[in-house]
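Peer 1: In the numbering used here, the protein residues as written are 1251 to 1554. Sharing a structure, written as structure tokens. Questions coming.
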Amino acid sequence: MSATIFRQTIIMLILIFTGVLCAKTKIIGKEANRDLSKFVLQVINPVVIFMAYQSEYRPELAKNLLVTFGLSLLSFVIMITLAYVFVRKKEKRETEIERFSLIYSNCGFMGIPLVSALFGDEGVFYLTAFITVFNIFVWTHGIILISGEKSMKNIVKVLRSPTIISIALGLICFFARIKLPEVPAQALTFIKEINTPMAMIVSGVTMADTDVFKLVKNLRVYIICALRLLVIPLAVVGVLSVFDIDSKVRLTIIAASAAPPAAMCTLHCIRYGKNSVYSSEIFTAGTILSVLTLPLIVKIAELL
């Protein structure tokens, strides 16, 4: 299993560097990348999620989905708690960015391709529960953390997002046992299959503006990455090992929790005028280092 993760992360890293190359050669500019990012988040990811629900109804799938929701919620409680324990408020420290990076992983961009490679549509089916909990937290707690604004509009935005709508429609079709006709199902399958290359190339273009020399010298970035990629996932592994649950459910949650820092942190920093350069450094370092840490975390989880 860990070998599969390692192979997949190497593939994803090659795709990421393709994105970096596209940015450096001006093939994809910043504005184009924002549009591509929206396309991945608002079109491709929802299609991938919806198609995961186009599975044959089985009672054990429904049961495991509910279990995944509960344990995903528990995982976020653990991650939020540890983020506030490890990152204390200090003068000249980017506390909010560091806490956000510790709590919110790239579970959509990197989680979907990884889990799909491990378990196929069944893995993505379970991952939708984690992504649902992620979206609820990131658009409420995450926005409040970065912006300092408390607004009910963010909750409404969560419920109206393409991701949540695709999950709702997918659940209806799954429990009502509604299957798409062959032609539209094939069309959506074509869209689903471009998820991995598109998501990774967008991530690469996002990383291209990072000052590598400055990044290498910033020790704080590596401390945050060590916490995000090793300490926090190991805490989740330890807690989940107590529960007698399906191995696919457990490893799906662990893989999503062990993914590198979310690119969304940089996007929110740009939107609210925060230090987007620092958040981009954490995202870049975390994404590269996850090639080594993700297989390690999964291997440890398999042994427990």
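Cβ coordinates follow ideal geometry from the N, Cα and C atoms, glycine included. Source: prediction; values computed, not measured.
Rounding to the nearest angstrom, what Cα-Cα distance links residue 1419 and residue 1375 in this structure?
Peer 2: Rounded to whole angstroms, residue 1419 to residue 1375 spans 13 Å at the Cα level.
Peer 1: On a Cα-Cα basis, can you pick out the residue from 1345, 1517, 1536 that is closest to residue 1283?
Peer 2: Closest by alpha carbon: 1517.
Peer 1: Go ahead and pull the three-state DSSP assignment for residue 1510.
Peer 2: If DSSP states are grouped into helix, strand and coil, residue 1510 belongs with coil.
Peer 1: Using beta-carbon positions only, say whether residue 1290 and residue 1359 come within less than 9 Å of one another.
Peer 2: Contact flag set, yes.
Peer 1: Just to confirm the assignment, what range does the alpha helix (DSSP H) spanning residue 1475 have?
Peer 2: Element bounds for residue 1475: 1469-1476.
Peer 1: Tell me, please, which residues DSSP counts as bridged to residue 1355.
Peer 2: DSSP lists 1511 as partners of residue 1355.
Peer 1: Taking the alpha helix (DSSP H) that residue 1374 falls in, what are its first and last residues?
Peer 2: 1371-1387 is the extent of the alpha helix (DSSP H) around residue 1374.
Peer 1: Considering only residues of the same chain and omitting the five flanking positions on each side of residue 1234, which have a CB-CB separation below 6 Å?
Peer 2: Outside the displayed range of the chain (1251 to 1554) lies residue 1234, so it cannot be described from this structure.
Peer 1: Please report the Cβ distance between residue 1509 and residue 1269, rounded to the nearest whole angstrom; I am assuming they are in contact, meaning their Cβ atoms lie under 8 Å.
Peer 2: Their Cβ separation, rounded to whole angstroms, is 17 Å, which puts residue 1509 and residue 1269 out of contact at 8 Å.
Peer 1: Kindly list the residues whose CB is nearer than 8 Å to the CB of residue 1448, restricted to its own chain and excluding five residues on each side of it in sequence; keep chain order.
Peer 2: Taken in chain order, the residues that qualify are 1286, 1289, 1290, 1294.
Peer 1: Drop a sphere of 10 angstroms on the beta-carbon of residue 1525, count the other beta-carbons inside from all chains shown, and report buried for 16 or more, exposed for fewer.
Peer 2: The residue in question, residue 1525, is exposed, as its Cβ has fewer than 16 Cβ neighbours within 10 Å.
Peer 1: Which first and last residues belong to the alpha helix (DSSP H) in which residue 1493 is found?
Peer 2: That residue, residue 1493, is in no alpha helix (DSSP H); it is neither H nor E in DSSP.
Peer 1: Which residue comes first and which comes last in the alpha helix (DSSP H) that contains residue 1304?
Peer 2: Counting along the chain, residue 1304 falls outside any alpha helix (DSSP H), and DSSP gives it neither H nor E.
Peer 1: Within its chain, find whatever has a CB closer than 7 Å to the CB of residue 1292; leave out the 5 residues flanking it on each side and keep chain order.
Peer 2: 1412.
Peer 1: Does residue 1377 pass the burial test, meaning 16 or more other C-beta atoms within 10 Å, or should it be called exposed?
Peer 2: Per the 10 Å Cβ criterion, buried.
Peer 1: What three-state label does DSSP hand residue 1430 in the structure shown?
Peer 2: Coil, per DSSP.
Peer 1: Below 8 Å, how does it come out for the segment 1380-1396 and the segment 1537-1554: are there three or more Cβ pairs, yes or no?
Peer 2: Cβ pair count under 8 Å is below three, so no.
Peer 1: Tell me which residues share the same chain as residue 1459 and place their Cβ nearer than 7 Å to its Cβ, disregarding the 5 neighbours each side in the sequence.
Peer 2: Within the same chain, residue 1459 has close Cβ partners 1530.
Peer 1: Taking contact to mean 3 or more Cβ pairs, one atom from each stretch, closer than 8 Å, check whether the segment 1315-1324 and the segment 1485-1495 are in contact.
Peer 2: The segment 1315-1324, when compared against the segment 1485-1495, does touch it at the 8 Å Cβ threshold.
Peer 1: Which residues in the same chain have their Cβ closer than 7 Å to the Cβ of residue 1554, if we skip the five residues on either side of it in sequence?
Peer 2: Result list for residue 1554: 1487, 1491, in chain order.
Peer 1: To the nearest angstrom, how far is the alpha carbon of residue 1306 from that of residue 1438?
Peer 2: Taking the straight line joining both Cα atoms gives about 17 Å.
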